[in-house]
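Residue numbers (our numbering), protein chains in the order written: chain A, 2 to 335; chain B, 2 to 335; chain C, 2 to 335; chain D, 2 to 335. Note that the Cβ used here is the ideal one computed from N, Cα and C, for glycine as well.
There are 4 protein chains.
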Amino acid sequence: MTLRFGLLGAGRIGKVHAKAITSTPGAALVAVADAFPAAAQAIADQYGCAIRTIEAIEADRDIDAVVICTPTDTHADLIERFARAGKAIFCEKPIDLSLARVKACLKVVRETKATLMVGFNRRFDPHFAAVRAEIDKGSIGAVEMVTITSRDPGAPPVDYIARSGGIFRDMTIHDFDMARFLLGEEVVEVSAMASVLVDPAIGKAGDYDSVQVMLKTASGKQAMISNSRRATYGYDQRIEVHGSNGLVSAENQRPVSIEIASSLGYTRPPLHDFFMTRYTDAYAAEIAAFIAAAAGKAPVSPSGEDGLAALALAEAALKSVAEGRTVKLAEVTG
Amino acid sequence: MTLRFGLLGAGRIGKVHAKAITSTPGAALVAVADAFPAAAQAIADQYGCAIRTIEAIEADRDIDAVVICTPTDTHADLIERFARAGKAIFCEKPIDLSLARVKACLKVVRETKATLMVGFNRRFDPHFAAVRAEIDKGSIGAVEMVTITSRDPGAPPVDYIARSGGIFRDMTIHDFDMARFLLGEEVVEVSAMASVLVDPAIGKAGDYDSVQVMLKTASGKQAMISNSRRATYGYDQRIEVHGSNGLVSAENQRPVSIEIASSLGYTRPPLHDFFMTRYTDAYAAEIAAFIAAAAGKAPVSPSGEDGLAALALAEAALKSVAEGRTVKLAEVTG
Amino acid sequence: MTLRFGLLGAGRIGKVHAKAITSTPGAALVAVADAFPAAAQAIADQYGCAIRTIEAIEADRDIDAVVICTPTDTHADLIERFARAGKAIFCEKPIDLSLARVKACLKVVRETKATLMVGFNRRFDPHFAAVRAEIDKGSIGAVEMVTITSRDPGAPPVDYIARSGGIFRDMTIHDFDMARFLLGEEVVEVSAMASVLVDPAIGKAGDYDSVQVMLKTASGKQAMISNSRRATYGYDQRIEVHGSNGLVSAENQRPVSIEIASSLGYTRPPLHDFFMTRYTDAYAAEIAAFIAAAAGKAPVSPSGEDGLAALALAEAALKSVAEGRTVKLAEVTG
Amino acid sequence: MTLRFGLLGAGRIGKVHAKAITSTPGAALVAVADAFPAAAQAIADQYGCAIRTIEAIEADRDIDAVVICTPTDTHADLIERFARAGKAIFCEKPIDLSLARVKACLKVVRETKATLMVGFNRRFDPHFAAVRAEIDKGSIGAVEMVTITSRDPGAPPVDYIARSGGIFRDMTIHDFDMARFLLGEEVVEVSAMASVLVDPAIGKAGDYDSVQVMLKTASGKQAMISNSRRATYGYDQRIEVHGSNGLVSAENQRPVSIEIASSLGYTRPPLHDFFMTRYTDAYAAEIAAFIAAAAGKAPVSPSGEDGLAALALAEAALKSVAEGRTVKLAEVTG
């Protein structure tokens, strides 16, 4: 059985998913929709799919599932529409920048019993997934402390930042999800610090570019996250998980692994400098997992609730920075 | 312009090339031929190409190029036939186990002005290619000494070994080509040692499973190769090139790069255990290079002459083992 | 000119300093004092020095400098006595567990113009010192974010913990000093989280065994510290400093750097499992720096004020945990 | 019981041993002899030992053992004299450049039952010793193939080279000993290649600067050695031992292990650039082993016979280069 996809949004991340869908057995890209005709046309040309309106995709019998890659402020509405239309839904993170709106949306998902998976692609990175697998195998005993390093090669355009919901909701949200994925227990306390060190324009836009966050669970497990919008040496993505019996970690990835030794020392090339090349395998595995979930062969994970939980952590981190104190998660989730 | 391919041989390596062709822009897989109908059918089903006889592919106007993945003893004949038929030819190594037969075959290629590329896939590995690029950039000065480590996870079946031409022609041949690729000057002397340490059955079949080879060029540049049919920790494929100003090396590749630290130490997972997963990127780049060469946009490399040169080195190594002396390459190339 | 030393305290760390003094050119160990005659005797036997009372060392004309390795609660008194006696003073950290007492003690040091150096040995580790040297050379541009990982192989005895002043004053204090050493700007805000994950007995003693801390300077530079009293794989001591142009880091050290590859993967031995073997070079360099400082050839660093500053950060971290909020350093330093 | 040493030769390596002796428990440096009074004086001043003639040291009752660090052409004579004088003897490699002379000397050693240890310091490097320990523990199964990389940061003065006996006797001899140490079975065949790539003056002096050697034992175990008198990145000293169940290797050592990441990539500092800093620990362990052997608490290893065996391999390698063939060791050992 082939899962027939409609792709909503043909931008940068839409292209990533189009490629993943078309190269995954059991998946077919039937149609694409985008407000910009040229973007939709490019996908249609490359993969031989139809161009349709969102309304048509909603109504079409030959579409089983949609991948939502439209701007963030349309996500929740589209999820509700396609949940009611009986389609399986894969939605890029975040569901919405407002916790209340996300909750309302998830209510519709529950009522319609729709399949909703949220795009925390890093869970599907083979290296990070292997870290989790080692935890599950008991290789390090009980998880105690998690350290997540996540540094972007460079900041996005300031106008993107202005409507991104800020660094915690836009960038750290991946790390919040990763922390939850690795801690195996819900976070109850959040403390954060934030600065503008990279670009004053980011500060003028009301955001930060350098942040660190501490998390704690009810039983005392801890996590720390370090984020920057700048890393000259490439896309810095590392995790380490300390447990009662040891440590499991995932190192950075580079496209070419050679080393040059000279009187200057031993030099290896920089890391991947772009999330798409860094997470190529993760995007493919993510779509495969969605197909399995839509077919009922695997649980839906990460779910809409995972999306909500990560957003709540972002909210708590913002509050912690604003009020200079450790915030209990219950304060923001009400 | 799309290069239209006929695939000759639908076995293990044939499948690798079928996948590479169908996922490369500018290439189309039109037809497949194989003595075993089921093998051809599997490729035809997966990629939607026709099943034809070799004769038909030879005659067909809608085929521009062939990929020869049939048994070794058919390579030279097929190259001659398709050279005469005016098709561009990609042939898996070796062209033949006999130097004389290879020479005769290359004569036909020259006379027909056919495009012939030989399948030394490792030149296209992104890490090894990057080593060569650093040499070309002058990063290490003049090349002086090359070290190549190439150890297989396990030995092939003994019946394969019996008709493989022996370890030098079957396995070391890749390293001979790599040495030539990196030295940048023709080898003139060869000395080799060989043992049976892995499996006595290999010795009974008249072959060795553990060999080391030293090479020297006219100006005194040197290379050493270490080969074994056994490596419990995976597919060990390393090169280092020492030059007057430094060293450039390529490390081993593993599918998952995590590390577990415990009271037992720090452990990373084994390497790739199979040439197909190790060299996935290399096979894709190889076909892309062939397409460029067939279109006249790039030189044909590695050429039939490269195939001949590597085979001559294998011949010289065998002679060195048999006679217990350093063999001048001119002795075998006549 | 040789600096003639009196050693106060012949315990574990006293022995380390005795060895460092006796193997450093320009230093001589003249006398040792300890409340336990056997401990003093062991040092006297090994290095051929005299056994004297503290009073005698205070009065002796043949003693230029003292190394204070007695229990923490005697440090401040001894510093004041030997400052008044005109001796150069090297004192193990901390000066005292009370900020007020440290301040009073440093007042005496200032009034007597005594040379006082505090034993933050890690500044003298060749690897950490090299990290600082790269910062000073401008290799990474302006410092932005520091990450310090410091995990002990195992917890000290609970009765030690009970009188240690707690993990922040006993263990994290080294990391607070390291953060100051690397940030190059004073910390103004501290936030900490703390748990008991390793041993409930530590919790019963009123302390924590797993903590994480975030620091921020006035200009927004940040540091994070991760501490645990447990690390099965050895003494985990890493730093990384992110700057506007790059990252400089120091890796862990192991006594033996071999690697075993097998079907289980690639394994390197555990790290050093003891601070004395891990920091052998640091202790030697530390005493050499003290000798240079006592001779007026180098500034006194780390100074008594550095000791005070690190203790203040510990105080602030404790307050942060107790009150669940970010603490301004000014609150504790008054 | 303290072993009382006379040091013969106060040059560069003599100083290394003086330091090792004086910092090793159970050893005392009583006297030094050197043809250059200033050299002897420097040692005497630094360590407070007497200056004596070789004759006096030979006769003195207060000398138990000698360390021979004089020029190579005096080694065999001195060994014989001190063997007859009943002293335990540690002699720097090589015993002599002539196999016949070494054999005659060892005859005297056997007849006098003298303790003679030869200075193959690398066996005592903690990393290489750990490799051997893993072999002994069975961690890699049966040893099959050994690879030794040994590259000097720079060539010695040409006048040194002229009287050194050539690269095989002077430099590769360490690797021959290491190969024997690791193979655990005597070598029976040797094949070598040699070039002048670094400095034509070395060629004019009748020597080579770039060599590679293959060794084979009776059961077919193999070793390969790669040597160069040039390595811009430091003192390159690596070994890897492949066995039936895995691989054990020792990596290079660097004085400072930091890493700088920038847009240029990830750079670690060069290696040690001098054998004395690279092998500091090895020299100390070597003297400790000699003291234990002289006290009868441990076997004498490496012995005079080990010195002879390594020299025979050098002889065979030279013959292999000269005659362009694989040389049986029996040909040179007669």
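May I have the straight-line CA-CA distance separating residue i from residue j, to the nearest angstrom?
i: B/Met172; j: A/Ala299; result: 43 angstroms
i: D/Ile292; j: D/Gly185; result: 25 angstroms
i: C/Ser140; j: C/His128; result: 15 angstroms
i: D/Glu93; j: D/Gly120; result: 4 angstroms
i: C/Leu314; j: C/Lys329; result: 10 angstroms
i: A/Ser192; j: C/Ala317; result: 15 angstroms
i: B/Met225; j: B/Glu190; result: 12 angstroms
i: A/Ala143; j: A/Ser220; result: 11 angstroms
i: B/Phe182; j: D/His243; result: 26 angstroms
i: B/Leu9; j: B/Ile261; result: 45 angstroms
i: A/Leu216; j: A/Thr150; result: 14 angstroms
i: D/Ala21; j: D/Thr281; result: 9 angstroms
i: D/His273; j: D/Gln254; result: 7 angstroms
i: D/Ala283; j: A/Tyr234; result: 37 angstroms
i: A/Ser324; j: C/Glu324; result: Note that residue 324 of chain A is Glu in the sequence shown, not Ser. Going by the C-alpha atoms only, they are around 13 angstroms apart.
Residue i: buried (16+ other C-beta within 10 angstroms of its C-beta) or exposed?
i: D/Tyr161; result: exposed
i: D/Val322; result: buried
i: D/Val103; result: buried
i: A/Thr268; result: buried
i: A/Lys222; result: buried
i: A/Lys88; result: buried
i: A/Ala285; result: buried
i: B/Gly167; result: buried
Measuring alpha carbon to alpha carbon, tell me which of the options ends up nearest residue i.
i: D/Asp208; options: D/Ala219, D/Phe169 and D/Gln223; result: D/Phe169
i: B/Asp38; options: B/Ala11, B/His18, B/Thr25 and B/Asp61; result: Reading the sequence as shown, one finds Pro at residue 38 of chain B and not Asp. Answer by Cα proximity: B/Ala11.
i: B/Ala84; options: B/Thr75, B/Val67, B/Ala28 and B/Val249; result: B/Val67
i: A/Ala289; options: A/Lys16, A/Ala310, A/Lys217 and A/Gly27; result: A/Gly27
i: D/Val33; options: D/Ala43, D/Glu306 and D/Gly167; result: D/Ala43
i: A/Asp153; options: A/Ser304, A/Asp176 and A/Gln223; result: A/Asp176
i: A/Ile69; options: A/Arg13, A/Thr278 and A/Val147; result: A/Arg13
i: C/Val31; options: C/Thr25, C/Arg5, C/Ile240 and C/Gly15; result: C/Arg5
i: D/His76; options: D/Ala105, D/Ile52 and D/Arg62; result: D/Ala105
i: B/Ser99; options: B/Phe275, B/Leu309, B/Lys320 and B/Pro270; result: B/Leu309
i: C/Thr71; options: C/Glu112, C/Ala51, C/Lys16 and C/Ile64; result: C/Lys16
i: C/Leu248; options: C/Asp126, C/Asp65, C/Glu145 and C/Glu287; result: C/Glu145
i: C/Pro201; options: C/Ala156, C/Lys320, C/Gln213 and C/Glu135; result: C/Ala156
Can you list, in chain order, the residues of its chain with a C-beta nearer than 7 angstroms to that of residue i? Leave out the 5 residues immediately preceding and following it.
i: B/Ser196; result: Tyr209 and Ser211
Using C-beta distances below 6 angstroms, list every residue in its chain close to residue i, excluding the 5 sequence neighbours before and after it, in chain order.
i: D/Arg231; result: Val199
i: B/Val301; result: Thr116, Met118 and Ala294
i: A/Val110; result: Ala84, Leu117 and Gly305
i: D/Ala40; result: Ala11
Cβ closer than 8 angstroms: which chain E residues qualify as neighbours of residue i?
i: A/Tyr234; result: In summary, chain E is missing from the structure at hand, where the protein chains are A, B, C and D.
Who are the Cβ neighbours of residue i in its own chain at under 8 angstroms, not counting the five residues just before and after it?
i: D/Arg264; result: A quick correction: the sequence has Ser, not Arg, at residue 264 of chain D. Nothing listed; no residue qualifies.
i: D/Ile240; result: Phe129, Val132, Val147, Thr148, Ile149, Thr150, Met179, Leu183, Ser250 and Ala251
i: A/Pro53; result: Correcting the residue identity first, residue 53 of chain A is Arg in this sequence and not Pro. Closer than 8 angstroms at the Cβ level, and outside the excluded window around A/Arg53, lie Gly7, Ala32, Val33, Ala34 and Asp61.
- request: Select from the stretch 248 to 281 of chain D all residues with a C-beta closer than 8 angstroms to any C-beta belonging to chain C, and list them in chain order.
  value: Leu248, Val249, Ser250, Ala251, Glu252, Gln254, Pro256, Val257, Ser258, Ile259, Glu260, Ile261, Ala262, Ser263, Ser264 and Pro270
message: At a CB distance below 8 angstroms, what residues from the stretch 235 to 246 of chain D approach chain C? Give them in sequence order.
response: Asn246
task: Using a Cβ-Cβ cut-off of less than 7 angstroms, give me the residues of the stretch 311 to 335 of chain A that come near chain C, in sequence order.
output: Gly325, Arg326 and Thr327
- request: Could you list the residues in the stretch 133 to 162 of chain C with a C-beta less than 8 angstroms from some C-beta on chain D, going in chain order?
  value: Glu135, Ser140 and Ile141
- prompt: What residues in the stretch 166 to 185 of chain D have a beta carbon less than 7 angstroms from any beta carbon of chain B?
  reply: none
- request: Below 8 angstroms between beta carbons is the criterion; list the residues of the stretch 5 to 23 of chain A that meet it against any residue of chain C, in chain order.
  value: none
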